[in-house]
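Peer 1:
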Amino acid sequence: MKLFEQYGIDIGYVVLGLVGVVLLLFIILIVMMIRNHILRKRYKQFMSGENGKSLEKAFLDKFSSIETLEDEVKVINGNINSICTQLRTAYQKIGLVKYDAFKEIGGKLSFVLVLLTEDNNGFIINSMHSTKEGCYTYAKEVVNGEVFVILSEEEQQALEEAKANKQLERISID
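Each residue of the sequence shown is one higher than the one before, starting from 167 at the first, in my numbering.
As C-alpha cells, this is what we get:
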C-alpha cells in the first residue's frame, strides 16, 4: 500500500482495473469455449460420414488398398525382371535373304535365315533349293556375332542384317 501512496495512486482504481481485466479474460474464455464447441460439433459431423459410415474406416480401407497394390506391384516387378532375364536368351534378331542358289529358272526358292539372341548368339539355316536335285539344308552356329566356318555371300548378308536389327530396350525395375 505504501507503494500506491508513494506514487499517488488510489487503490480503488487499481481494483477496478483488475476487475475489468478479469471480466475481459472471462469474456475471452466464454468466446473460446463457444468456438471450441462449434469446432467439436463440426469435427463429429465430419467424422461421421454418410449412412453412419465413419471416415476413419474409409481411411483405413484406402490404406489397406494401397498396401495391397504395393504388394501386387512388387510381384509384377519381379515377374517383369524374370521375363527380362529370360528374354536375353530368346531369339530376337532376325535376318532373312532369299536367293536363287543354282541360277536355274525355278526362281528364288532358296533362303538363308539367321536367328540371334541379344548377345548375338544363335544359328544360320541355309536352305538351297534345286529343281533337279532336291533341297539341301545347312545349319551353322553363331557365337558373339562370329561364325567359325566360311560363309556364302547370302549367309554373310543375312548375318549382317540380323546383327543390325535393334535389340529390345532394357528397362530396370527396382
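Each residue gets a CB set at the ideal place from its N, CA and C atoms; glycine is no exception.
1) Which same chain residues end up closer than 6 Å to Val263 when comparing Cβ atoms and leaving out the 5 residues on each side of it in sequence?
2) Once you ignore the five residues that flank Asp176 on each side, which residues in its own chain have a CB closer than 8 Å to its CB?
3) Report back the beta-carbon spacing between Glu327 and Gly261 to the nearest angstrom; my notes put them in contact at under 8 Å.
4) Which residues mark the beginning and the end of the alpha helix (DSSP H) in which Ala328 is found?
5) Going by C-alpha to C-alpha distance, which of Val309, Lys298, Ala330, Ile290 sits closest to Ser318?
6) Distance check for Met198 and Leu189, CA to CA, integer angstroms please.
7) Quick check: the stretch 298–317 against the stretch 282–289, are there 3 or more CB pairs under 8 Å?
8) Going straight from the alpha carbon of Ile232 to that of Phe212, what length do you get?
9) Within 10 Å of its beta-carbon, does Ala267 have 16 or more other beta-carbons around it, so buried, or fewer, so exposed?
10) What's the gap between the Cα of Tyr304 and the Cα of Leu253?
11) Beta-carbon separation of Val315 and Lys306 under 8 Å?
Peer 2: Here's the rundown:
1) Val278, Glu320, Gln323, Ala324
2) Phe170
3) 4 Å
4) 319–330
5) Ile290
6) 14 Å
7) yes
8) 23 Å
9) buried
10) 26 Å
11) yes
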